[in-house]
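Q: Using the working numbering, the letters of the sequence shown correspond one by one to residues 29 to 382. From the three backbone atoms N, C-alpha and C, an ideal C-beta is built for every residue, glycine too. What you are looking at is a predicted structure, and each value in this text was computed from that prediction instead of being measured. Attaching a single structure in structure tokens format; questions to follow.
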Amino acid sequence: MSEPLQQTPGTPRKTVTGRRPAAPVLHLLQENHRLTNHSHVLCYGCGQGSDVEWLQLRRFKVHGYDPHPPFGYAEAPKGLYDFVFFNYLLARLKTDAARKAALAKAFGHVKPGGWLVVTSRSAMKAESPDGENGLLRFFQELFSDLDYSDLELLAADAEDRSVAAMVRRNGVYAPAVPWVWIDDREEFLAMCERLVREPVIGLDVETILEEPRVLCTIQLATPQRTFIVDALAVAPLDPLRPVLETDRTLKVIHNAMFEEQMFAKHKIKLVNVYDTLTASRKKHKKSAVSGHKLGETCERELGLYLDKGLQTSDWTERPLSAAQLAYAAVDAEVMLLLHRAFCPPPPPENLELF
């Protein structure tokens, strides 16, 4: 269980109406960069809509749902969400069975890798005499019917007299082929000699977020294996030039312009590139789709959910965590899957239908 997140003292909470203030957990997750404007949010059982209004004022993609009179948020949720907030509803539900049934419905709207966040005042009673252990047992029992991982208790809010907990839904895509970590120069050279013979590879990179960007890892996927290269350790990257500059090997990349810019800093030019971002935009240019980011494209084309939470992690730190390595491997591996989805191979010429 993670350390409780702390809230900045003096955070303003009032909405522009006279309704209940927005739940403190919204401020907390925004301040800690867990909840961003890229997040798709559902406020399940939103009551008078204070949380919905708070998020809308900050330009979040949010849907409120509470069809019970007199609230009137009757439009049912559509699709799956990165965050589903279930705030102050436990007290409305009088039995454990009713609470678990309502939580199961809310959890059904969470995408794999997304979060269900529950805020409760009644749960504070579980805090004594065991403190956090009592709260942990309370929420473990409350969530016992859900397929989740990573239960996190958030810091109790004394002013609001509430506590919040969040659980992450299982089901994100994990690497399906073996991956290898390359931080040795000799292993790097051997890898390059092997990859130059591949007809197609998936390519992705991780960098620091601040400008100027620094290349931290390079992921290169084949159908049999994914290589994760420590770009900080094996530099200079000249041995990659025959791989990336040959027109005999197709490089499949999502948003290739970014990779082109990063390799240009190392005087390497990408040749023979298939950009899955361009392919997605071209395929869906006349239809309304959620977006063309890698995660959205994989959901739509492959039915796979990626964990993008580590994109903003520290890629300069060594060793990288197991979660970071899996994240890096997946992003290159799915390039090959997307290429096959956008450019399926022709059927065998001698295929007999009857």
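(1) Alpha carbon to alpha carbon, how far is LEU364 from LEU265?
(2) Under the rule that 16 or more other beta-carbon atoms within 10 Å means buried, what is HIS91, buried or exposed?
(3) ASP94 and GLY75 - do their beta-carbons sit closer together than 8 Å?
(4) Would you list, in sequence order, the uninterrupted beta strand (DSSP E) runs of no fewer than 3 residues that lie entirely inside the region 177–258?
(5) Would you give the residue range spanned by the alpha helix (DSSP H) that THR325 belongs to?
(6) In the DSSP output, what is THR147 paired with across the bridge?
(7) Any idea if CYS244 is buried or exposed, counting beta-carbon neighbours within 10 angstroms, 16 or more meaning buried?
(8) Pull up the distance between the alpha-carbon of THR147 and that of ASP110, whole angstroms please.
(9) Can the beta-carbon of VAL112 be found closer than 8 Å to that of LYS89?
(10) Pick out whichever of CYS220, LEU83, LYS314 has its Cα sitting closest to the Cα of PRO49.
(11) Identify whether GLY100 lies in helix, strand or coil by the three-state DSSP scheme.
(12) Please name the residue, chosen from ILE281, ILE229, GLU103, that lies closest to GLN383 on a Cα-to-Cα basis.
(13) Under the assumption that VAL262 contacts ILE210 (Cβ atoms under 8 Å), give the Cβ distance between them as a whole number of angstroms.
(14) With a cut-off of 8 Å on the beta carbons, I'd call VAL358 and PRO203 a contact; round off their distance for me.
(15) What does the alpha-carbon distance come out to for the pair VAL145 and ARG86?
(16) Give me, in chain order, the residues of the same chain whose beta-carbon lies closer than 7 Å to that of ALA351; leave out the 5 immediate sequence neighbours on both sides.
(17) Name the residue from VAL362, THR340, ARG368 whose alpha carbon lies nearest to the alpha carbon of THR64.
(18) Can you look up LEU278 in the DSSP assignment and give me helix, strand or coil?
(19) My understanding is that CYS220 touches LEU268, with C-beta atoms under 8 Å, so please give their C-beta distance in whole angstroms.
(20) Should CYS326 be labelled buried (16 or more other beta-carbon atoms within 10 Å of its own) or exposed?
(21) Any idea what DSSP makes of GLY162, helix, strand or coil?
(22) Can you say whether GLN168 is buried or exposed, counting buried as having 16 or more other CB atoms within 10 angstroms of its CB?
(23) Kindly confirm or deny that the region 177–188 and the region 125–139 touch, where touching means at least three C-beta pairs closer than 8 Å.
(24) Going by the DSSP bridge assignment, what does LYS89 pair with across the sheet?
(25) Closest by CA to GLY323, which one among CYS371, LEU332, THR274?
(26) With distances taken between CB atoms, is the gap from LEU121 to ALA130 smaller than 8 Å?
(27) Just the Cα atoms here: how many angstroms apart are PHE23 and PHE114?
(28) Under 8 Å by Cβ, that's how I've got LYS279 and LEU223 pegged, so tell me the actual separation to the nearest angstrom.
(29) Given this structure, state the Cα-to-Cα distance separating GLU287 from ALA356, to the nearest angstrom.
(30) Apply the 10 Å Cβ neighbour rule to LYS313 and answer buried if 16 or more other Cβ atoms are within range, or exposed otherwise.
(31) Secondary structure at VAL262, three-state DSSP: helix, strand or coil?
(32) Identify, in the order they occur along the chain, each residue of the same chain with its Cβ nearer than 6 Å to the Cβ of ASP178, setting aside the five sequence neighbours on each side.
(33) For PHE216 and VAL257, what's the separation of their Cα atoms in angstroms?
(34) Assuming contact is defined by CB atoms lying nearer than 8 Å, are VAL200 and PRO140 in contact in what I supplied?
(35) With which residues is TYR109 paired in a DSSP beta bridge?
(36) Mapping the DSSP letters down to three states, classify TYR333 as helix, strand or coil.
A: Inspection of the coordinates gives the following:
(1) Start at 1 with the first residue of the sequence shown, and residue 364 comes out as number 336. Start at 1 with the first residue of the sequence shown, and residue 265 comes out as number 237. The straight-line gap from Cα to Cα measures roughly 23 Å.
(2) Counting from one through the sequence shown, the residue named residue 91 turns up at place 63. HIS91 counts as buried, since no fewer than 16 other beta carbons sit within 10 angstroms of its beta carbon.
(3) One-based indexing of the sequence shown puts residue 75 at position 47. One-based indexing of the sequence shown puts residue 94 at position 66. Going by beta carbons, GLY75 and ASP94 fall inside the 8 Å limit.
(4) Complete beta strand (DSSP E) runs here, min 3: 190–197, 207–210, 228–235, 243–249, 254–258.
(5) Residue numbering aside, residue 325 sits at position 297 when the sequence shown is read from its first letter. It spans 322–330 - the alpha helix (DSSP H) in which THR325 sits, taken as one unbroken run.
(6) The residue labelled residue 147 in the question sits at position 119 within the sequence shown. Under the DSSP definition of a beta bridge, THR147 partners with ASN115, ALA192.
(7) Numbered from 1 along the sequence shown, position 216 holds the residue referred to as residue 244. Per the 10 Å Cβ criterion, buried.
(8) By 1-based counting over the sequence shown, the position of residue 147 is 119. By 1-based counting over the sequence shown, the position of residue 110 is 82. Rounded to whole angstroms, THR147 to ASP110 spans 17 Å at the Cα level.
(9) Start at 1 with the first residue of the sequence shown, and residue 112 comes out as number 84. Start at 1 with the first residue of the sequence shown, and residue 89 comes out as number 61. Their beta carbons are not under 8 Å apart, which means VAL112 does not touch LYS89 by this criterion.
(10) Residue numbering aside, residue 49 sits at position 21 when the sequence shown is read from its first letter. If you compare the alpha carbons of CYS220, LEU83, LYS314 with that of PRO49, the shortest gap goes to LEU83.
(11) Along the sequence shown, one-based indexing puts residue 100 at 72. It is coil, neither helix nor strand.
(12) The shown model of the chain, from 29 to 382, leaves out residue 383, and the question about it has no answer.
(13) Your numbering for residue 262 matches position 234 in the sequence shown. Your numbering for residue 210 matches position 182 in the sequence shown. Going by Cβ atoms, the distance from VAL262 to ILE210 rounds to 7 Å, so yes, they are a contact pair.
(14) In the sequence shown, counting from the first residue as 1, residue 358 sits at position 330. In the sequence shown, counting from the first residue as 1, residue 203 sits at position 175. The beta carbons of VAL358 and PRO203 sit about 6 Å from each other, so the pair counts as a contact at 8 Å.
(15) Here residue 145 corresponds to residue number 117 of the sequence shown, with the count starting at 1. Here residue 86 corresponds to residue number 58 of the sequence shown, with the count starting at 1. Cα to Cα, VAL145 sits roughly 19 Å from ARG86.
(16) Position 323 of the sequence shown, counting from 1, holds the residue named residue 351. Counting only Cβ-Cβ distances below 7 Å, and skipping sequence neighbours, we find LEU338.
(17) Residue mapping note: residue 64 aligns to position 36 of the sequence shown, counting from 1. The shortest Cα separation from THR64 among VAL362, THR340, ARG368 belongs to THR340.
(18) Numbered from its first residue, the sequence shown carries residue 278 at position 250. DSSP places LEU278 in strand when its eight states are reduced to three.
(19) Sequence index remark: in the sequence shown, residue 220 carries index 192 (1-based). Sequence index remark: in the sequence shown, residue 268 carries index 240 (1-based). Going by Cβ atoms, the distance from CYS220 to LEU268 rounds to 6 Å, so yes, they are a contact pair.
(20) By one-based count along the sequence shown, residue 326 stands at place 298. The residue in question, CYS326, is buried, as its Cβ has 16 or more Cβ neighbours within 10 Å.
(21) In the sequence shown, residue 162 corresponds to position 134, counting from 1. Here GLY162 carries a helix assignment [DSSP, helix/strand/coil].
(22) Indexing the sequence shown from 1 puts residue 168 at position 140. Flag for GLN168 reads exposed.
(23) Inter-segment contact for the region 177–188 and the region 125–139 is absent: fewer than three beta-carbon pairs are separated by less than 8 Å.
(24) Taking the first residue of the sequence shown as position 1, residue 89 is located at position 61. Beta-bridge pairing links LYS89 to HIS68.
(25) For the purposes of this step, residue 323 is taken as the residue at position 295 of the sequence shown. Nearest C-alpha to GLY323: LEU332.
(26) As a working mapping, residue 121 is identified with position 93 in the sequence shown. As a working mapping, residue 130 is identified with position 102 in the sequence shown. A contact, by the Cβ cut-off of 8 Å.
(27) Only positions 29 to 382 of the chain appear in the structure, and residue 23 is not among them; the question remains open.
(28) Walking along the sequence shown from the start, residue 279 turns up at place 251. Walking along the sequence shown from the start, residue 223 turns up at place 195. Actually they do not touch by this definition, with Cβ atoms about 10 Å apart.
(29) Counting from 1 along the sequence shown, the entry for residue 287 is found at position 259. Counting from 1 along the sequence shown, the entry for residue 356 is found at position 328. Distance between the alpha carbons of GLU287 and ALA356 is about 14 Å.
(30) Within the sequence shown, numbered from 1, the residue matching residue 313 stands at position 285. Residue burial annotation: LYS313 is exposed, with fewer than 16 other C-beta atoms found within 10 angstroms of its C-beta.
(31) Within the sequence shown, the letter at position 234 stands for residue 262. VAL262 carries a helical assignment under DSSP once its states are collapsed to helix, strand and coil.
(32) Here residue 178 corresponds to residue number 150 of the sequence shown, with the count starting at 1. Excluding sequence neighbours, ASP178 sits near ARG196.
(33) Position 188 of the sequence shown, counted from the first residue, corresponds to residue 216. Position 229 of the sequence shown, counted from the first residue, corresponds to residue 257. Their Cα atoms are separated by approximately 8 Å.
(34) Counting from 1 along the sequence shown, the entry for residue 200 is found at position 172. Counting from 1 along the sequence shown, the entry for residue 140 is found at position 112. A contact, by the Cβ cut-off of 8 Å.
(35) Residue numbering aside, residue 109 sits at position 81 when the sequence shown is read from its first letter. DSSP, once it has assigned bridges, lists VAL138 as partnering TYR109.
(36) Numbered from 1 along the sequence shown, position 305 holds the residue referred to as residue 333. The answer is coil: DSSP assigns TYR333 none of H, G, I, E or B.
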